[in-house]
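Note that this note's numbering numbers the sequence shown so that position 138 is 150, with each residue one more than the last.
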Amino acid sequence: MSLLVQTGLFVLGLTLLVYGASKAVTSAGDIALYYGVSTLFVGVTVISVGTSIPEMTTSIYAALYGAGDLAVGNIVGSETAQITLAIGIVALIAPIPAERRNVMIYGGAMVLAMIIMILTVDDGVVQLSEGFLMMLSYVFFIYTLYTNEGGEEITEELEEQRPPERAIPWVIFGLALVIVGGNLMVTNGTAIARAAGVSEYLIGLLTGLGTTAPEIVVASIAAYRGDQGISVGAILGSNITDPVFSLGIGALFADIVVTDPATVRLSAFFMLGVSLVVLGLFYWREGIDRRTAVLCLLLYLPTFLIL
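Following this line, the structure appears as structure tokens:
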């Protein structure tokens with residue numbers, strides 16, 4: 013198969029992945045909101061998990077095809093893009109207010125999830141038992157969140173959602189596209205990397221940028237509508253989901269082996285560093301305004317230069 017065809021299939025796979033995830037997450041959010049769950053809880057759980065479907069699918073297929081570098085690179089690339097690009101874009105649309113208590117809770121959980129991923133990947137392999145423990149840590153966070161935040165009132169605007177019988181078919185349709193798209197993207201992305209002499213890890217970082225599109229779209233729409241619960245919850249929630257759940261689920265299918273731990277370590281610590289900077293801005297300024305949003309966007313630029 014020619015490089016041109018493989019590139020076309022890679023782009024097609026990424027397109028199906030993003031479009032399918034968008035359909036699935038929007039409909040899943042409708043279902044959750046129909047039953048009266050708070051917008052913040054929906055953002056951090058249903059929406060963030062839904063927008064992380066591309067990362068989950070990529071991790072599973074990458075593990076099955078022995079492309080561990082692609083799996084980890086996808087997570088690191090996605091995390092870095094979300095905390096910088098996504099936050100920056102959303103804040104340019106509408107400033108993001110934040111309570112310091114929430115920054116400590118959600119930001120702390122996000123940093124902890126990143127540290128767990130870094131420590132797990134550092135030896136070059138994520139095994140089944142480690143993947144299970146990573147997913148278990150995510151479940152513990154969701155349980156803690158539910159007991160503390162699950163009872164908030166939802167907005168009147170978001171109560172007017174499609175009933176479940178109309179939303180469920182779209183969830184199924186979206187997930188089907190995600191599965192097909194994930195397979196096309198991983199298989200052809202790996203082939204392109206090998207043919208061009210580019211590391212699979214770098215391809216993973218680029219893929220991570222692409223699979224961040226659902227978070228950016230969902231969070232931007234929510235910000236435009238004035239619902240910061242969905243907006244901030246989708247981004248911070250995904251940054252908790254991806255390092256532990258999305259990567260961990262791949263290890264349940266096969267060991268995720270990293271061939272260049274040093275490169276992974278460098279970019280992962282950069283990811284952690286910019287995350288701490290953005291969280292610091294959230295905490296000390298009690299939110300991100302348009303001026304600070306520009307700084308968040310600039311923080312993304314060194315991502316590929318450090319390689």
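Glycine included, C-beta positions come from ideal geometry on N, C-alpha and C.
Quantities reported herein were computed from a predicted structural model and do not represent experimental measurements.
Counting only the same chain and skipping the five closest in sequence on each side, list residues whose C-beta sits under 6 Å from that of residue i.
i	result
M13	none
A207	L15
G143	G260, A263, L264
F343	The structure shown has nothing for residue 343, since the chain only spans 13 to 319.
L104	R302, A305
V269	G80, V137
What do you get for residue i, buried or exposed, if any count of 16 or more other CB atoms within 10 angstroms of its CB means buried?
i	result
P255	buried
Y155	exposed
A305	buried
T12	Outside the displayed span of the chain (13 to 319) sits residue 12, for which this structure offers no information.
A274	exposed
S39	buried
P226	buried
S243	buried
V17	exposed
G249	buried
G89	buried
I43	buried
M116	exposed
V276	buried
L310	exposed
Y118	buried
Please report the distance separating the alpha-carbon of residue i from that of residue j.
i	j	result
L264	P109	38 Å
A234	I130	31 Å
A205	P175	44 Å
V286	V192	33 Å
T70	V30	12 Å
V61	G292	25 Å
G32	D301	31 Å
G25	V230	20 Å
T19	G201	8 Å
V290	T224	17 Å
G41	N251	18 Å
L284	L28	29 Å
L45	V58	10 Å
I95	G85	16 Å
I247	V102	10 Å
D81	A75	9 Å
R112	G55	18 Å
L217	E67	11 Å
A93	Y312	7 Å
P107	A266	42 Å
V23	L157	37 Å
N114	R297	13 Å
V210	S64	25 Å
Name the DSSP bridge partner or partners of residue i?
i	result
I261	Per DSSP, none; premise fails for I261.
V269	V137
I300	I108
Among residues of its own chain, excluding the 5 on either side of residue i, which ones have a beta-carbon nearer than 8 Å to its beta-carbon?
i	result
W182	K35, A36, T38, S39
P314	F282
V123	L284, S287, L288, L291
G194	G25, L29, P66, T69, T70, I72, Y73
L140	A263, L264, D267
A188	G32
Might you give, ordered along the chain, the residues of its own chain that have their beta carbon closer than 7 Å to the beta carbon of residue i, omitting 5 neighbours on each side?
i	result
F185	K35
A203	Q18
E177	none
Using a threshold of 8 Å, is the CB atom of residue i nearer than that to any non-hydrogen atom of the ligand FAD?
i	result
S232	Of ligands this structure carries none, so the ligand FAD is not represented either.
Report task. Mind listing, in chain order, the continuous alpha helix (DSSP H) runs of no fewer than 4 residues lying wholly within the region 109 to 133? Result -> You should have 120 to 133.
Query raised in the report: What residue ranges within the region 51 to 87 form continuous alpha helix (DSSP H) runs of no fewer than 4 residues, ordered along the chain?
Result: Taking only runs of at least 4 residues, the alpha helix (DSSP H) segments lying wholly in the region 51 to 87 are 51 to 54, 60 to 63, 65 to 76.
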